[in-house]
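Numbering (my numbering), first residue to last: -19 to 313. Working notes for the structure below.
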Amino acid sequence: RTVASLGTESALPVARPSVKWTREDGGEEDVVLAVRSSAPAPPAVLVYGRGGVVNSGINGEYLRVAGDLDGAPAYRKLDESKWYWYSAARGEWRVSKKPSDTLGVLAAVVGSPSEPIPGDIWKVGGEPDDEVGVRAILTPPRLLATGFSNALLNGGYSYGGVGSVWMAESGRVLLVLDETAGLWHFAKFQGQRSINLGAEDALLSCAAGTYFPEFSCGGGRVQRSAVVGTESVRVSCSTCSAGAFTRDFAPDGTTDGRPRYAAIGDGVRLFLFYSNTQGDWRVAVNDTVEAGAWAFSSDVLAMTPLEISAPWYVFSGTKVAPDPGFAVRRLTS
């Protein structure tokens, strides 16, 4: 059996908070979470600030993978298209397609293996770029589990406040990362005073590809409770390949944890959405095809298109160039 949470036996235990749980009979009980801390590395990071066309794909979210590389935490995009990792041989954090010193590096910054958020100036394509930076993405406060055949596992989960323990909002299930075994466990909560979960206790165990709680398993999926668009927007483009246009877009679900919009009315079917693979917000004719965007902005700090402050780049039919007239605005009645 393993202590529920992150960390090796050498990890220092953190304070064990008391959390109120609602039992199946409706009563409340104070429960102590037996949790160990892992290294202080964040479970995910956001690389941001690379503008323009060349190497702007380094932008985006990278999730911490299980295990370390070269004695340091390592991160990768969910689609595994790029890695953010530490090269001990070079003494720098790198973004590359694979975590290998023998392959081309897209971006790098001098740093130490214990500091995944370095403060030095980045080099992108070998040239300094002081706009590029890295931010920690903290543990998400709420998760959503869907599609599991055991309906008990589906629904919202709230963060337990420490380690990697989430509580089902039904009060009946725990979701816990067991780092030693490399598994995410779903387990029925039965009111014990301390929670020590092993695989034998689990309703379902899923391979832990990352420390961040986003994964698919057994036909179901766990993901952050995404930001959902609640209002329509108007997009204006002055130099797009199809000519100048103004189109209204309505909320159409989410992509990569951020709101997606679909064009309203007749004409070419267009989508406005965030692509973590490409590291940008984009307008494209297909919300599942990563290439072929009509327009894009590399402002990955924006959680909605109304927050975008970086320039929009537009494909005019012959070249890609900034379009000062491109705008996304709130659609007023």
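The beta carbon of each residue, even a glycine, is placed where N, CA and C say it ideally should be. All values derive from a computational prediction rather than experimental measurement.
**Request:** Return the bridge partner residues of I117 from the DSSP annotation.
**Result:** Indexing the sequence shown from 1 puts residue 117 at position 137. Paired residues: A24.
**Prompt:** Just how far apart, CA to CA, sit R227 and G237?
**Reply:** Residue 227 sits at position 247 when you count from the first residue of the sequence shown. Residue 237 sits at position 257 when you count from the first residue of the sequence shown. Their backbone Cα atoms lie some 24 Å apart in a straight line.
**Request:** Could you tell me if S185 is buried or exposed, where buried requires 16 or more neighbouring beta carbons within 10 angstroms of its beta carbon?
**Result:** Within the sequence shown, the letter at position 205 stands for residue 185. So S185 counts as buried.
**Message:** For a quick check, are the C-beta atoms of L43 and T190 less than 8 Å apart?
**Reply:** Here residue 43 corresponds to residue number 63 of the sequence shown, with the count starting at 1. Here residue 190 corresponds to residue number 210 of the sequence shown, with the count starting at 1. For L43 and T190, yes; Cβs fall inside 8 Å.
**Prompt:** How many Å lie between P79 and A69 at the Cα?
**Reply:** The count along the sequence shown starts at 1 and reaches residue 79 at position 99. The count along the sequence shown starts at 1 and reaches residue 69 at position 89. When rounded, the distance between both Cα atoms is 12 Å.
**Prompt:** Between the stretch 29 to 43 and the stretch 281 to 301, are three or more C-beta pairs nearer than 8 Å?
**Reply:** yes
**Prompt:** What distance in whole Å lies between the Cβ atoms of I117 and P22, which are believed to be in contact at a cut-off of 8 Å?
**Reply:** To locate residue 22, count along the sequence shown from 1; it is residue 42. To locate residue 117, count along the sequence shown from 1; it is residue 137. Indeed, because the Cβ distance is near 6 Å, the residues count as touching under 8 Å.
**Request:** Determine the DSSP secondary structure at P231, reduced to helix, strand or coil.
**Result:** The residue labelled residue 231 in the question sits at position 251 within the sequence shown. In the structure shown, P231 sits in a strand (DSSP, three-state: E or B).
**DSSP beta-bridge partners of W146** = Your numbering for residue 146 matches position 166 in the sequence shown. Per DSSP, Y139 and L155.
**Prompt:** Since S277 is in the beta strand (DSSP E), which residue starts that stretch and which ends it?
**Reply:** As a working mapping, residue 277 is identified with position 297 in the sequence shown. Counting along the chain, the beta strand (DSSP E) containing S277 begins and ends at A275 to S277.
**Request:** Report back the beta-carbon spacing between V213 and P285 to the nearest angstrom; my notes put them in contact at under 8 Å.
**Result:** If you number the sequence shown from 1, residue 213 lands on position 233. If you number the sequence shown from 1, residue 285 lands on position 305. At roughly 6 Å, the Cβ-Cβ gap stays under 8 Å, so V213 and P285 are in contact.
**Request:** Leaving aside the five residues before and after Y241 along the sequence, list all residues of the same chain whose C-beta is less than 8 Å from its C-beta, in chain order.
**Result:** Taking the sequence shown and counting its residues from 1, the one referred to as residue 241 is at position 261. The residues are G209, S212, V213, F229, A230, P231, D232, F251, L252, F253 and P285.
**Asked** Is the beta carbon of S67 sitting closer than 8 Å to the one on D50?
**Response** As a position in the sequence shown, residue 67 is number 87, starting the count at 1. As a position in the sequence shown, residue 50 is number 70, starting the count at 1. For S67 and D50, yes; Cβs fall inside 8 Å.
**Message:** Between the alpha carbons of G47 and A243, how many angstroms are there, rounded?
**Reply:** Translated into positions along the sequence shown, residue 47 becomes position 67. Translated into positions along the sequence shown, residue 243 becomes position 263. Their backbone Cα atoms lie some 43 Å apart in a straight line.
**Prompt:** Between A264 and A273, is the Cβ-Cβ spacing less than 8 Å?
**Reply:** Residue mapping note: residue 264 aligns to position 284 of the sequence shown, counting from 1. Residue mapping note: residue 273 aligns to position 293 of the sequence shown, counting from 1. It is a contact, given that the beta carbons lie within the stated cut-off.
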